[in-house]
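J.: Here's a structure for you.
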Amino acid sequence: MNSLIKEMQALAQELLASGEVKGVFGWTKGSRWYLTPPLFIQKAEDAIKLHYDEFAINNLTSLLLDYRNSDDKIAIFVKGCDSRGILRLIQDKQVNPEKVLVIGLPCPGMVDKEAVKDQRHVHDLPLLRKCQECRYPNPVLADRTLGDVQVTKEPGVPIGITAERAIQKGVGSKGKERYQEVKEIEALSADEKYAFWQKQHEKCLRCYACRNICPACNCRECIFESDKKGWVNKAATTTDNAFFGITRAMHVAGRCVDCGECERVCPAGIPIMKINRKIMQDIDELFGTYDAGTDLEEAGPLNHFKLDDPEEFL
Amino acid sequence: MKRIGVFVCHCGTNIANTVHCDQVAEVAKDFPGVVYSCDYKYMCAEPGQQLIQDAVREHNLDGYVVAACSPRMHEPTFRKCAERAGLNPYMIEQVNIREQCSWVHADKEKGTEKSIDLLRMAVAKARKNEPLSSSTIPVTKRALVIGAGIAGIQTAIDIADNGFQVTLLDREHSIGGRMAQVDKTFPTLDCSACILTPKMVEAAQHPNIEMVTYAEVTAVDGFVGNFDVTIRKKARYVDFDKCTGCGACQEKCPKKVSSEFEMGLGPRKAIYVPFPQAVPNKPVIDAEHCRYLLDGKCGVCKKICPTEAVDYEQKDEVIVERYGSIVVATGFDQFDISKYEEYGAGRYPDVITGLHLERLMNASGPTAGKIKRPSDGKVPEKIVFIKCVGSRDEAKGRPYCSKACCMYVAKHATLIKEKMPQSKSYIFYMDVRTGGKSYEEFYKRTQEQYDGQYIRGRVSKIFQVGDKLIVRGEDSLIGRPVEIEADLVVLAAGMEPRADAVALARTLGISYDQHGWYTEAHPKLQPIETHTAGIYLAGVCQGPKDIPESVAQASAAAVKATGLLSKGELTSEAMIAECNEAVCAGCGLCISVCPYKAIEKKKVSERVHGQMKERVVAVVNPGLCQGCGACTVNCPSSAMNINGFTNEQILAEVDALCQR
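Order-wise, the sequence lines are chains W and U.
With this note's numbering as the guide, the letters of the first sequence map in order to residues 1 to 314.
With this note's numbering as the guide, the letters of the second sequence map in order to residues 315 to 974.
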């Protein structure tokens, strides 16, 4: 892992020093042993601050949106899951692929510090659930790669210098069970489902963290901040929260890249991915398996007009 | 706040029987924004419309809601009424309390309750209505007719006679279509060629008709009034300007090919005209069979041609032409009888179809009009007809009736008896359907004067014994099996859509049914129009028809097409999509989802952090947009809206329903 960090630092240093890019998005070691927060550097000498480990969970891709009006080229480090977010932004025409340098990294699997109660003695933290369910551990798109990882557009097993650790930890071991939670909700009666989601939406603070981290939430003006249309009240009532939650899910329907960041960042612990996954499952069943953000040429089943579309609903 | 009026219609007793209209009008007075409300027996009638106009003026209404029948029925009426009262016609709403309430419910109290809910929603929407206006589009005063069978020819002649330019296009190199293959026509037994060829010549010579044969439509862009049609003119390898049609090349060409026009019953050459009366009567070279084009040997036609018209170097030519309207008249294919294995079609040469028999009876056909068996050239004596082959047969995927077969079988039986008085025709049928002027009389004559023996029942098997075909079936009227030793079996093969009908429909953007027949806009009231404005249907491509019906529909299509062309400009739809450029993120998802190719990208400049930046947004072409709404539901940023059905208006309706 240390050699990989050195490679990252050297590359960032070189890119910034040569002027090829004007900024680099990566991670740095935070103020706690379990924190590896995002870092944006613009000077070559800051490259040494870059860090990468199993706490570099943050998907950095939505940060690129801050540079969508910039003429400068920006470099960004991505894990497999993050790279699908880049693809989302390119497909949505929010990022000019010529203005971004994507550096693909091998992923060791991110760990879940919350899973262990006594955090003073943590040597072998378990993987995050999303990493256990991971189907795209390698970047689906990258201009450069480090740590022997390879660009892989199809679902697969981890590649690169961290692969052994990732596989041993169980990255992707539950890839086939990713709709398990959806099935559990589907088994409930309509009233039970309603009660379940009411309870979840009651908790929502409307902080919009889920929206802000999401690479698919890239509108110029979010309807939840446009008061003139009267879509939704600003007060965080259960009804309005539910309206927000469902609308957000439909907004990313067929576009969600399954990175799971919305659910991870939710301070209220709302299982947002349950509803995202439900939509994914429906799309898979109606139109055939489709993974958003894996193929630049394929806009997705909801974004085409095809005369031979299945029309079960008609 | 907008001042809204409410007008509740009784529709005689249609609504009033199931809805307390007076109560509905009374309750509506308390809806937000409503300043006037009343009910009346017939709102659409002149006094009703006057009542509305008076109320608009007296109460200074900004808009109104009519609770009545379906907007499909009377929305135009109430829009015009609004215009007469000085309002923008899009400031009104019509709410359907007849088809969607009174007609489908029996309980008057609940019907009243539902009407009130529907009305409350409509009022909430009307309060958010904005004046809309339509733009105008110039019309290209030229029509294209695709397919030059009898329907296409008739349409072209009628359009041309009305004073408009028309292009008559066919993929074969002669016009005439299926009717040219037919010998005689029921119920009057005129010779088909005698009535068709004068029309073919008329079409060819008409100053307003441009004939484009041996050509196919490959792409259609644009919209009503201005279709840009890409036409591929197939290489003929004969220069039509030089060719005089002398026919020397055909005589000398050494390559014989089975003739499609003669249904494979006779030969043609590799350079050929399909039939003697062809229009244009100039040959083309069939590249698949020409010896010179295949392996560079021969070249006889080039040597013999006195005008040096043969040009082996000719290539397909692609042209793009603009038309105001399009008539589709692409006809049909005959059902492939080899799907009926029990009838031995394809295995026994003497099991043929109706079209084969037409060619055998035709004086200019392969047998010069003498009916001879394809197998050994013997004159048949016992002839069996089997009806509904590829019609009314769900197992074969053809549940519909092909409509013309009952009559053409009667015609065949009559003509055979006339030609060969010693012969006997047996006709197996399920039902005899002879709706049509003088049709039933013709059928009766076939039975009574021409000795046609009708046997009600299906044939289970045909097999060969010696040179006879044994037809085994059942006479279901007497409930006994029957067996006939036939010399010739004629299957009344039904009609099916052209093999590439669906592909053409997709090129044109018109709809088709599960079989591939093109769908009319309304089965009763718009049988000529398609769902795509400016494209009309003529003849069998819309569904099985006989010649008189095809011709009638062809003339109707001509009227529709010229009606459109006679307008200087078209009014575009007002309720179409509009992009809010400030919100549009330029993702382009609307572009890929639009079925009408109505959305394009455009660049806009704006100031960002003190710098001018260019970005891409979507823009809607008002001529192409049909207001279907696919883009509005797909737009992730809600930048797309349908005017008159904006997201805000729909949300207002939902709110109104929830707040009752």
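All C-beta atoms, glycine included, are put in the ideal place defined by N, C-alpha and C.
Is it the case that the Cβ atoms of Leu130 (chain W) and Ile185 (chain W) are separated by a distance below 8 Å?
T.: Numbered from its first residue, the first sequence carries residue 130 (chain W) at position 130. Numbered from its first residue, the first sequence carries residue 185 (chain W) at position 185. The sequence given here has Lys at residue 130 (chain W), not Leu. Contact: no.
J.: Which value, in whole angstroms, describes the spacing of the CA atoms of Val232 (chain W) and Cys898 (chain U)?
T.: Along the first sequence, read from residue 1 onward, the residue named residue 232 (chain W) stands at position 232. Along the second sequence, read from residue 1 onward, the residue named residue 898 (chain U) stands at position 584. Computed Cα separation, rounded: 20 Å.
J.: Mind checking which residues open and close the alpha helix (DSSP H) that includes Ala819 (chain U)?
T.: Indexing the second sequence from 1 puts residue 819 (chain U) at position 505. Here the alpha helix (DSSP H) through Ala819 (chain U) covers Ala815 to Leu822.
J.: So is Ala944 (chain U) in contact with chain W if we call contact Cβ pairs under 8 Å?
T.: Stepping through the second sequence from its first residue, residue 944 (chain U) is reached at position 630. Closer than 8 Å to some Cβ of chain W, the Cβ of Ala944 (chain U) qualifies, so yes.
J.: Which residue from U:Arg921, U:Lys911, U:Glu672 and U:Gly780 puts its Cα closest to that of Val496 (chain U)?
T.: As a working mapping, residue 496 (chain U) is identified with position 182 in the second sequence. Taking only the C-alpha atoms, the option nearest Val496 (chain U) is U:Glu672.
J.: Below 6 Å CB to CB, which residues in the same chain sit around Asn443 (chain U) once its five sequence neighbours on both sides are set aside?
T.: Here residue 443 (chain U) is taken as the residue at index 129 of the second sequence, counted from 1. Closer than 6 Å at Cβ, skipping near neighbours: Gly377 and Met405.
J.: To the nearest angstrom, report how far apart Ile90 (chain W) and Leu127 (chain W) are at their CA atoms.
T.: Residue 90 (chain W) sits at position 90 when you count from the first residue of the first sequence. Residue 127 (chain W) sits at position 127 when you count from the first residue of the first sequence. Distance between the alpha carbons of Ile90 (chain W) and Leu127 (chain W) is about 29 Å.
J.: Check this for me: beta carbons of Val703 (chain U) and Ala806 (chain U), under 8 Å apart or not?
T.: Start at 1 with the first residue of the second sequence, and residue 703 (chain U) comes out as number 389. Start at 1 with the first residue of the second sequence, and residue 806 (chain U) comes out as number 492. Yes, these two residues count as a Cβ contact at 8 Å.
J.: Which residue spans inside the stretch 504 to 590 of chain U form an unbroken alpha helix (DSSP H) run of at least 4?
T.: Complete alpha helix (DSSP H) runs here, min 4: 506 to 519 and 562 to 566.
J.: What is the residue span of the alpha helix (DSSP H) that Gln867 (chain U) lies within?
T.: Locating residue 867 (chain U) in the second sequence gives position 553, where the first residue counts as 1. Counting along the chain, the alpha helix (DSSP H) containing Gln867 (chain U) begins and ends at Ile861 to Leu879.
J.: Within the continuous alpha helix (DSSP H) that includes Thr349 (chain W), where are the two ends?
T.: This structure leaves residue 349 (chain W) out entirely; chain W is present only between 1 and 314.
J.: Could you tell me the alpha carbon to alpha carbon distance between Leu314 (chain W) and Asp827 (chain U), rounded to whole angstroms?
T.: Numbered from 1 along the first sequence, position 314 holds the residue referred to as residue 314 (chain W). Numbered from 1 along the second sequence, position 513 holds the residue referred to as residue 827 (chain U). Residue placement at Leu314 (chain W) is poorly supported in this model, since its pLDDT is 45, which falls under 50; the coordinates are not used for a value here.
J.: Check each candidate in U:Tyr743, U:Lys731, U:Arg687 and U:Lys738 and name the one with the smallest Cα separation from Ser705 (chain U).
T.: Along the second sequence, one-based indexing puts residue 705 (chain U) at 391. It is U:Tyr743.
J.: Kindly indicate the opening and closing residues of the beta strand (DSSP E) around Cys893 (chain U).
T.: Locating residue 893 (chain U) in the second sequence gives position 579, counting from the first residue. Looking at the DSSP string, the run of the beta strand (DSSP E) that includes Cys893 (chain U) is Ala891 to Cys893.
J.: Which chain W residues are close to Gly902 (chain U), counting only those with a beta carbon under 7 Å from its beta carbon?
T.: Walking along the second sequence from the start, residue 902 (chain U) turns up at place 588. Ordered by position in chain W, the residues that pass the 7 Å Cβ test against Gly902 (chain U) are Lys93.
J.: Counting only beta-carbon atoms, is Ser951 (chain U) nearer than 8 Å to chain W?
T.: One-based indexing of the second sequence puts residue 951 (chain U) at position 637. Yes, its Cβ sits closer than 8 Å to a Cβ of chain W.
J.: Where Thr527 (chain U) and Phe500 (chain U) are concerned, what is the direct C-alpha to C-alpha distance, given to the nearest angstrom?
T.: Locating residue 527 (chain U) in the second sequence gives position 213, counting from the first residue. Locating residue 500 (chain U) in the second sequence gives position 186, counting from the first residue. C-alpha separation (whole angstroms): 28 Å.
J.: In three-state DSSP terms, what is Gln767 (chain U)?
T.: As a working note, residue 767 (chain U) is residue 453 in the second sequence. It is a strand residue.
J.: When the Cα of Gln9 (chain W) is compared with those of W:Arg264, W:Leu141, W:His51 and W:Ala268, which residue comes out closest?
T.: Position 9 of the first sequence, counted from the first residue, corresponds to residue 9 (chain W). Nearest option by C-alpha distance: W:His51.
J.: Mind checking the stretch 266 to 287 of chain W against chain U and listing, in chain order, the residues whose C-beta falls within less than 7 Å of any C-beta there?
T.: Cβ contacts with chain U: none found.
J.: Just to confirm before moving on: does the CB-CB distance between Thr748 (chain U) and Tyr740 (chain U) stay below 8 Å?
T.: Locating residue 748 (chain U) in the second sequence gives position 434, counting from the first residue. Locating residue 740 (chain U) in the second sequence gives position 426, counting from the first residue. Taking 8 Å as the Cβ cut-off, Thr748 (chain U) and Tyr740 (chain U) do not qualify as a contacting pair.
J.: Please list, in chain order, the chain U residues whose beta carbon lies closer than 7 Å to that of Ile57 (chain W).
T.: Within the first sequence, numbered from 1, the residue matching residue 57 (chain W) stands at position 57. The premise fails here: Ile57 (chain W) is roughly 25 Å from chain U at the closest Cβ pair, so nothing lies under 7 Å.
J.: Below 8 Å, how does it come out for the stretch 261 to 270 of chain W and the stretch 905 to 913 of chain U: are there three or more Cβ pairs, yes or no?
T.: No, they do not touch.
J.: Which term fits Pro568 (chain U), buried or exposed, when burial requires 16 or more other beta carbons within 10 angstroms of its beta carbon?
T.: As a first step, residue 568 (chain U) must be located in the second sequence, where it is residue number 254. Pro568 (chain U) is exposed by the Cβ-count criterion.
J.: Starting from the C-beta of Pro936 (chain U), find all residues in its chain whose C-beta is less than 7 Å away, skip the five residues before and the five after it, and write them out in chain order.
T.: Start at 1 with the first residue of the second sequence, and residue 936 (chain U) comes out as number 622. These residues qualify, in order along the chain: Ser449, Ser886 and Ile890.
J.: Looking only at its own chain, which residues have a Cβ that is under 6 Å from the Cβ of Arg786 (chain U), when we skip the five neighbours before and after it?
T.: Here residue 786 (chain U) refers to the residue found at position 472 when the second sequence is read from its first residue. These residues qualify, in order along the chain: Ser774, Lys775 and Glu797.
J.: Shortest alpha-carbon distance to Asn957 (chain U) belongs to which of U:Pro445, U:Asp431 and U:Lys838?
T.: As a working note, residue 957 (chain U) is residue 643 in the second sequence. Closest option to Asn957 (chain U), Cα to Cα, is U:Pro445.
J.: Can you tell me whether Arg712 (chain U) is helix, strand or coil according to DSSP?
T.: Here the question's residue 712 (chain U) lines up with position 398 in the second sequence. If DSSP states are grouped into helix, strand and coil, Arg712 (chain U) belongs with the strands.
J.: For the beta strand (DSSP E) containing Met975 (chain U), list its first residue and its last residue.
T.: The structure shown has nothing for residue 975 (chain U), since chain U only spans 315 to 974.
J.: Which chain U residues sit within Cβ distance under 9 Å of Ile223 (chain W)?
T.: In the first sequence, counting from the first residue as 1, residue 223 (chain W) sits at position 223. Result: Val897, Ser951, Ser952 and Asn961.
J.: Tell me which same chain residues have a C-beta within less than 8 Å of the C-beta of Leu783 (chain U), skipping the five on either side of it?
T.: On the second sequence, residue 783 (chain U) is found 469 positions in, with the first residue counted as 1. Excluding sequence neighbours, Leu783 (chain U) sits near Gly658, Tyr662, Asp664, Val665, Val698, Ile776, Phe777, Glu799, Ala800, Asp801, Leu802 and Val803.
J.: Who pairs with Lys782 (chain U) in a beta bridge, going by DSSP?
T.: One-based indexing of the second sequence puts residue 782 (chain U) at position 468. According to DSSP, which records beta bridges pairwise, Lys782 (chain U) is partnered with U:Val779.
J.: Anything in chain W within Cβ reach of Lys927 (chain U), meaning under 7 Å, just list it in chain order.
T.: Looking up residue 927 (chain U) in the second sequence gives position 613. The contacting residues are Asn69.
J.: What residue range does the beta strand (DSSP E) around Tyr34 (chain W) cover?
T.: Locating residue 34 (chain W) in the first sequence gives position 34, where the first residue counts as 1. First-last for Tyr34 (chain W): undefined, no H or E at that position.
J.: Determine the direct distance from the alpha carbon of Ala819 (chain U) to that of Tyr194 (chain W), and round the result to whole angstroms.
T.: As a working note, residue 194 (chain W) is residue 194 in the first sequence. As a working note, residue 819 (chain U) is residue 505 in the second sequence. Cα-Cα distance, rounded: 45 Å.
J.: Going by DSSP, what residue range makes up the alpha helix (DSSP H) through Tyr757 (chain U)?
T.: Indexing the second sequence from 1 puts residue 757 (chain U) at position 443. Residues Tyr753 to Glu762.
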